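Read through the structure below, which is laid out as structure tokens, and then see the notes.
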Amino acid sequence: MFYAPYYNLVRETAWQLLIDCKIDAFPVSLSRISGAARIKIIENSSISRLADGEDGRCFRIDKMWYIIYDDMLGLEYQRFAAAHELGHIFLGHGQTGGRSPPKARGRPHREFDADLFALELLAPSCIVQRWEPERIAELCRIPLSCIEKMKITYIEENFLGSPLKRALYNQFKKYVKK
Ligand SMILES: [Zn+2]
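Sequential numbering of the sequence shown, starting at 396, is according to our numbering.
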């Protein structure tokens, strides 16, 4: 069963971030977002902090957020992993990985919500919902498997039905019409 009690909140948080960072083209620039939000994104190969099988994690030191992602993954997976960690930060989940309290770690709905956030950040449904998955993967530079896993988010009944959606759509208008 599709489980996403915070579905709208999650995607609108992602869209608001795209609007705030004036992202108007694909592939979405994660460095522009992290720069604007003053989040430092670090390749794991430079510090080797991730555990086996861990794609990314986020943590805070003083007031600064950091994301470590596995840069040995394919580029599309790297982008999804970093965007997933941005999701944990912007959705208020707190730190992930080794330093977070065990109870907060691996809660299924938080992981699902962070995945949903990543998808809506890198390929917002209000822009791409009518595209073929292969086209989304190619232009947005995200793994096809992540689109397939989350494709429920592209079933949309009310196209451009909210002010936030319209604002984001207008921001991407030039790009979409190219
Ligand atoms: Zn996670």
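Note that the Cβ used here is the ideal one computed from N, Cα and C, for glycine as well. No experiment lies behind these values; they were computed from the predicted model shown.
In chain order, the residues that have a beta carbon nearer than 6 Å to some heavy atom of ligand 1 are H479, H483, T491, E506, A509. Put simply, the stretch 406–421 does not touch the stretch 441–461. Fewer than three CB pairs are less than 8 Å apart.
In the DSSP assignment, G451 is bridged to Y464. In the structure shown, the three-state DSSP call for I434 is strand. In the three-state reduction of the DSSP assignment, I456 falls in the strand class, which pools E and B.
Our two residues, G487 and C541, have alpha carbons roughly 22 Å apart in a direct line.
Contact between E471 and P538 holds: CB atoms are separated by about 5 Å, below the 8 Å threshold. Taking E407 as the centre and dropping the five residues before and after it, the same chain places the C-beta of L559 closer than 6 Å to its C-beta, in chain order. L563 places its beta carbon less than 8 Å from that of I414. With a beta-carbon spacing of about 6 Å, I434 and I462 fall inside the 8 Å limit used to define contacts. For V571 and G489, the gap between their C-alpha atoms comes out near 35 Å.
Rounded to the nearest angstrom, the gap between the Cα atoms of V405 and D465 is 24 Å. The beta carbon of Q411 sits closer than 7 Å to the beta carbons of L559 from its chain, once the five residues preceding and following it are set aside; these are given in chain order. Rounded to whole angstroms, the separation of the alpha carbons of H483 and R505 is 8 Å. DSSP places I531 within a helical segment (H, G or I) once states are collapsed to three. With fewer than 16 other beta carbons inside 10 angstroms of its own, R455 counts as exposed. Here the C-alpha atom of N403 lies approximately 32 Å from the C-alpha atom of M467.
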